[in-house]
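Trainee: If you're matching positions, the sequence shown starts at 1 in the UniProt record's numbering and goes up one per residue.
Let me give you the structure first, and then I'll get to my questions.
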Amino acid sequence: MSDEMKIQTMMHEQRVFEPSTNGSKDAHVPDMDAYEALYKQSMDDPESFWMQRTQELLDWKTSPETALEWDFSIPEIKWFQGGTLNASYNCLDRHLENGRRNKAALIWQGEPDEDVRVFTYQMLHSEVCAFANVLRSRGVKKGDTVALYMPMIPELPIAMLACARIGAIHSVVFAGFSAMSLQNRIQDCEAKILVTADAVLRAGRTIPLKPNADEALAACPTVKQCIVVSRAGLDVDMKPERDCWWHDCLTDSMHSECSPEVMDAEDPLFILYTSGSTGKPKGVVHTTGGYLTYAASTTQQVFDLKDNDVYWCTADCGWITGHSYIVYGPLCLGGTSLMFEGVPSWPAPDRFWQIVEKFGVNIFYTAPTVIRALMREGVEWTRRHDLSSLRVLGSVGEPINPEAWIWYLEHIGHGKLPIVDTWWQTETGGIMISAMPAATPLKPGSATLPLPGVDIAIVDDNGNEAPPNQGGHLVVRKPWPGMLRGVWKNPERFKETYFSRFPGMYEAGDGARRDDDGYFWVMGRLDDVINVSGHRMGTAEIESALVAHPAVAEAAVVGMPHDVKGETIYAYVILGADEEESDELMKELRVWVRKEIGPIAAPEFIQFADELPKTRSGKIMRRVLRKIAAGIRDEFGDTSTLADPGVIIDLQDGRDDML
Ligand code: WT7
1 MSDEMKIQTM MHEQRVFEPS TNGSKDAHVP DMDAYEALYK QSMDDPESFW MQRTQELLDW
61 KTSPETALEW DFSIPEIKWF QGGTLNASYN CLDRHLENGR RNKAALIWQG EPDEDVRVFT
121 YQMLHSEVCA FANVLRSRGV KKGDTVALYM PMIPELPIAM LACARIGAIH SVVFAGFSAM
181 SLQNRIQDCE AKILVTADAV LRAGRTIPLK PNADEALAAC PTVKQCIVVS RAGLDVDMKP
241 ERDCWWHDCL TDSMHSECSP EVMDAEDPLF ILYTSGSTGK PKGVVHTTGG YLTYAASTTQ
301 QVFDLKDNDV YWCTADCGWI TGHSYIVYGP LCLGGTSLMF EGVPSWPAPD RFWQIVEKFG
361 VNIFYTAPTV IRALMREGVE WTRRHDLSSL RVLGSVGEPI NPEAWIWYLE HIGHGKLPIV
421 DTWWQTETGG IMISAMPAAT PLKPGSATLP LPGVDIAIVD DNGNEAPPNQ GGHLVVRKPW
481 PGMLRGVWKN PERFKETYFS RFPGMYEAGD GARRDDDGYF WVMGRLDDVI NVSGHRMGTA
541 EIESALVAHP AVAEAAVVGM PHDVKGETIY AYVILGADEE ESDELMKELR VWVRKEIGPI
601 AAPEFIQFAD ELPKTRSGKI MRRVLRKIAA GIRDEFGDTS TLADPGVIID LQDGRDDML
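Set out below in structure tokens:
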């Protein structure tokens with residue numbers, strides 16, 4: 001199905017589902033009346049709403065004095081001023097006193113099925129204190145930054161919480177990123193320490209990680225120490241003056257209490273880099289009080305997390321989804337969070353369902369790309385396992401197409417479970433638009449309604465609210481506690497990216513429409529950002545990696561519709577004058593981008609071209625390139641500004657030859 005057709009089917013999607021859980025009295029938001037009352041209360045008086053919410057959800061050392069101070073024109077946003085707290089205290093210590101001491105906080109399933117580790121709150125507290133003591137003893141202080149480049153092993157959340165405990169700002173870099181990407185991020189955040197591992201276990205392979213860390217650190221003078229977890233037992237090259245094994249740092253004496261640092265509400269908790277439409281990835285800054293309130297509040301309302309639940313979010317902690325919905329949200333609420341090291345398809349496409357059965361998972365949160373990939377493998381794999389423990393299903397990362405939604409409902413949700421399609425972003429810190437599992441009638445493909453406390457709207461190009469069913473820009477009109485507070489060391493970029501086009505509003509960068517029932521239908525990015533398997537990639541970033549190759553003169557990158565990944569990367573490359581087009585060079589360019597950014601950024605298709613469609617002023621017409629990549633022959637819109645219309649035909653022919 002073409003992209004346009006998919007959007008068409010979404011436009012015509014009329015079905016409404018009432019999940020079997022609707023009206024469950026014991027749910028946090030039991031029915032639609034409860035949702036509407038909460039929403040109204042939150043819009044009438046957002047400040048008291050959030051003040052009340054934070055008092056319910058967090059233990060503050062000193063209570064906040066004011067709920068909110070804000071001005072989107074600067075922009076400046078401050079939540080819960082005057083309040084002090086510690087995030088690791090809220091995620092751990094307080095649960096030792098409230099009856100959850102021996103409850104499983106973290107269940108870790110390694111890639112080999114026999115590798116399981118379970119941490120009770122007491123045990124996790126002890127591990128976090130120990131590693132926090134290690135960091136402190138190595139000179140890490142409040143306000144310092146620490147880079148974490150690690151596989152999905154328990155040491156990752158432990159290190160995150162250890163940083164939070166001593167007031168250090170963590171910056172997790174997804175282990176699938178290259179040495180160069182790691183280097184850029186460390187240089188930008190000026191990390192003092194790097195925590196990494198010998199290797200990543202993935203789909204039966206052992207992929208060395210430490211060599212990437214070494215390569216990155218060669219140009220990172222701020223990093224004086226590197227702590228290495230032994231995951232695979234590899235014999236790695238250790239630099240004695242810099243490197244230390246995690247297990248060697250953690251002496252017995254470290255395993256004692258570590259007093260949590262008292263943090264102001266607005267002290268940064270972490271930085272997480274994400275791609276934009278221009279330049280290098282930006283360091284999104286989240287702060288302590290607001291972020292934690294928002295992560296906890298949304299985990300409770302969207303997943304209806306209860307004390308006996310086993311909750312599993314399949315994301316990687318290297319992305320915001322892992323931060324908010326594996327670590328901070330569920331642990332802050334005293335929940336049991338399952339963490340999985342492996343992939344859905346290995347050793348067989350029933351791995352996820354086998355894990356659901358093994359641990360009796362109640363709440364399951366994954367991405368549309370996973371659903372689509374597993375759909376292809378056939379329903380037999382789902383039938384091999386008892387999935388009756390499941391109660392709530394979630395989806396995140398991109399719009400879920402109705403076909404995948406229905407499959408998810410039928411084959412995983414026993415035809416009756418609520419599916420919460422959650423729209424949000426790295427910048428929003430937590431979920432913004434989603435159904436409430438016991439309340440909201442569902443429409444496949446729609447993220448449904450805004451969460452309480454979220455004032456979200458669709459505006460036209462002039463910033464005026466769009467009428468129902470008219471597409472426009474997704475914006476947020478008031479601050480919410482989980483929103484980013486800045487771009488690390490770059491206030492101009494913060495303002496420019498999010499607050500300049502529509503003054504007084506936060507611009508998400510997505511296109512969407514609202515239907516007659518007020519339901520949101522998110523269509524995808526309006527900027528030059530591609531969404532590959534729910535991961536955000538900047539086209540500019542990939543282009544600059546390509547142009548850095550000596551054979552390349554010019555490059556333009558666009559997203560091309562893909563049945564499983566949502567979008568895949570399609571690059572148009574113009575070679576230098578003396579270069580020859582060849583399959584070898586194509587391969588080399590792909591390897592080059594993998595090295596520059598990471599495997600997820602490698603173009604699936606590279607089309608060599610003589611020329612790109614440009615306006616007379618020299619601007620590349622990406623709209624046209626997207627259509628050519630998608631194989632669309634007509635509907636080029638207005639091409640009157642195109643300098644040389646013959647370019648389109650040449651590119652179309654080139655594509656036909658290639659595919
Ligand atoms: C972009 C944010 C938030 C965690 C995962 C990605 C797209 C995300 C949905 C959804 C439609 C979605 C948007 C957004 N997106 N969830 N449920 N329906 N689109 O985080 O890397 O910051 O990407 O992902 O385009 O802007 P991210």
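Using N, Cα and C, we set each Cβ at its ideal position, and we do this for glycine too.
Under a three-way DSSP split, which group does Asn-531 fall into?
Mentor: Correct three-state label for Asn-531: strand.
Trainee: Short check: CB of Val-454 to CB of Val-476, under 8 Å?
Mentor: Closer than 8 Å, so yes.
Trainee: Between the C-alpha atoms of Ala-643 and Gly-637, what's the straight-line distance to the nearest angstrom?
Mentor: Whole-angstrom Cα-Cα distance: 15 Å.
Trainee: Around the ligand WT7, which residues pass a check of Cβ closer than 7 Å to any of its heavy atoms?
Mentor: The set, ordered by position in the chain, is Thr-274, Trp-319, Ile-320, Thr-321, Ser-395, Val-396, Gly-397, Glu-398, Pro-399, Ile-400, Asp-421, Thr-422, Trp-423, Trp-424, Gln-425, Thr-426, Glu-427, Ala-447, Ala-508, Gly-509, Asp-510, Val-522, Gly-524, Arg-525, Asn-531, Gly-534, His-535 and Arg-536.
Trainee: For Ile-227, report the span of its beta strand (DSSP E) as first-last.
Mentor: Counting along the chain, the beta strand (DSSP E) containing Ile-227 begins and ends at 225–229.
Trainee: According to DSSP, simplified to helix, strand and coil, what is Cys-332?
Mentor: Cys-332 falls in the helix class under three-state DSSP.
Trainee: What distance in whole Å lies between the Cβ atoms of Ala-439 and Asn-22, which are believed to be in contact at a cut-off of 8 Å?
Mentor: Indeed, because the Cβ distance is near 6 Å, the residues count as touching under 8 Å.
Trainee: Quick check on DSSP: helix, strand or coil for Arg-477?
Mentor: Reduced to three states, the DSSP call for Arg-477 is coil.
Trainee: Grab the span of the beta strand (DSSP E) containing Ser-171 for me, first residue to last.
Mentor: Start and end: 169–172.
Trainee: What span of residues does the alpha helix (DSSP H) with Pro-46 cover, start to end?
Mentor: Element bounds for Pro-46: 46–57.
Trainee: Starting from Gln-109, trace the alpha helix (DSSP H) both ways and give me its first and last residue.
Mentor: First-last for Gln-109: 104–109, but that is the beta strand (DSSP E), not the alpha helix (DSSP H).
Trainee: Which residue's Cα is closest to the Cα of Leu-135: Ser-277, Thr-366, Lys-192 and Gly-482?
Mentor: Nearest C-alpha to Leu-135: Lys-192.
Trainee: Quick check on the burial criterion: 16 or more other C-beta atoms within 10 angstroms. Buried or exposed for Gln-470?
Mentor: The residue in question, Gln-470, is exposed, as its Cβ has fewer than 16 Cβ neighbours within 10 Å.
Trainee: For the structure I just gave you, are there three or more beta carbon pairs, one from the segment 625–640 and one from the segment 557–568, closer than 8 Å?
Mentor: Taking 8 Å as the limit for Cβ pairs, the verdict is that the segment 557–568 does touch the segment 625–640.
Trainee: Suppose you measure from the CA of Asp-650 to the CA of Leu-575; what does that come to, to the nearest Å?
Mentor: For Asp-650 and Leu-575, the distance between alpha carbons rounds to 16 Å.
Trainee: Using alpha carbons as the reference points, say which of Lys-443, Thr-120, Ser-20 and Trp-423 lies closest to Thr-336.
Mentor: For Thr-336, the nearest C-alpha among the options comes from Thr-120.
Trainee: Are there three or more Cβ pairs, one per stretch, closer than 8 Å when the segment 600–615 is compared with the segment 426–438?
Mentor: Result no; under three Cβ-Cβ pairs closer than 8 Å.
Trainee: Among Leu-57, Leu-390 and Gln-81, whose alpha-carbon lies nearest the alpha-carbon of Ala-295?
Mentor: Closest by alpha carbon: Leu-57.
Trainee: Check for me: the alpha helix (DSSP H) holding Cys-189 runs from which residue to which?
Mentor: It spans 179–189 - the alpha helix (DSSP H) in which Cys-189 sits, taken as one unbroken run.
Trainee: Kindly indicate which three-state DSSP category Phe-359 falls into: helix, strand or coil?
Mentor: Three-state DSSP puts Phe-359 in a helix.
Trainee: Drop a sphere of 10 angstroms on the beta-carbon of Thr-251, count the other beta-carbons inside from all chains shown, and report buried for 16 or more, exposed for fewer.
Mentor: So Thr-251 ends up on the exposed side.
Trainee: Are the segment 303–318 and the segment 326–335 touching, with three or more C-beta to C-beta distances below 8 Å?
Mentor: Result yes; three or more Cβ-Cβ pairs closer than 8 Å.
Trainee: For Lys-565 and Gly-524, I'd like the C-alpha separation in whole angstroms.
Mentor: Whole-angstrom Cα-Cα distance: 14 Å.
Trainee: Is Phe-303 helix, strand or coil when you go by DSSP?
Mentor: Note: Phe-303 maps to helix in three-state DSSP.
Trainee: Quick check on DSSP: helix, strand or coil for Cys-91?
Mentor: Cys-91 falls in the helix class under three-state DSSP.
Trainee: In this structure, does DSSP put Thr-639 in helix, strand or coil?
Mentor: Reduced to three states, the DSSP call for Thr-639 is coil.
Trainee: Rounded to whole angstroms, what's the CA-CA distance from Glu-584 to Ala-602? Just pull it up for me.
Mentor: Rounded to the nearest angstrom, the two C-alpha atoms are 15 Å apart.
Trainee: From what residue to what residue does the beta strand (DSSP E) around Lys-78 run?
Mentor: Unbroken beta strand (DSSP E) run through Lys-78: 76–81.
Trainee: Given 8 Å as the limit, is there contact between the segment 138–145 and the segment 174–185, that is, 3 or more CB pairs closer than that?
Mentor: Not touching, per the Cβ criterion.
Trainee: Excluding sequence positions up to five away, which residues of its chain have a Cβ less than 6 Å from the Cβ of Glu-581?
Mentor: Counting only Cβ-Cβ distances below 6 Å, and skipping sequence neighbours, we find Phe-608.
Trainee: Which residue wins for smallest C-alpha separation from Tyr-365, given the options Ala-232, Ile-412, Ser-345 and Leu-124?
Mentor: Here the closest residue by C-alpha is Ile-412.
Trainee: Please list the terminal residues of the continuous alpha helix (DSSP H) segment that includes Ser-434.
Mentor: That residue, Ser-434, is in no alpha helix (DSSP H); it is neither H nor E in DSSP.
Trainee: Do Pro-479 and Gly-289 come within 8 Å of each other at the CB atom, strictly closer than that value?
Mentor: Taking 8 Å as the Cβ cut-off, Gly-289 and Pro-479 do not qualify as a contacting pair.
Trainee: Roughly how many whole angstroms lie between the Cα atoms of residue 678 and Ile-648?
Mentor: The requested residue 678 does not occur in the structure, where the chain is confined to residues 1 to 659.
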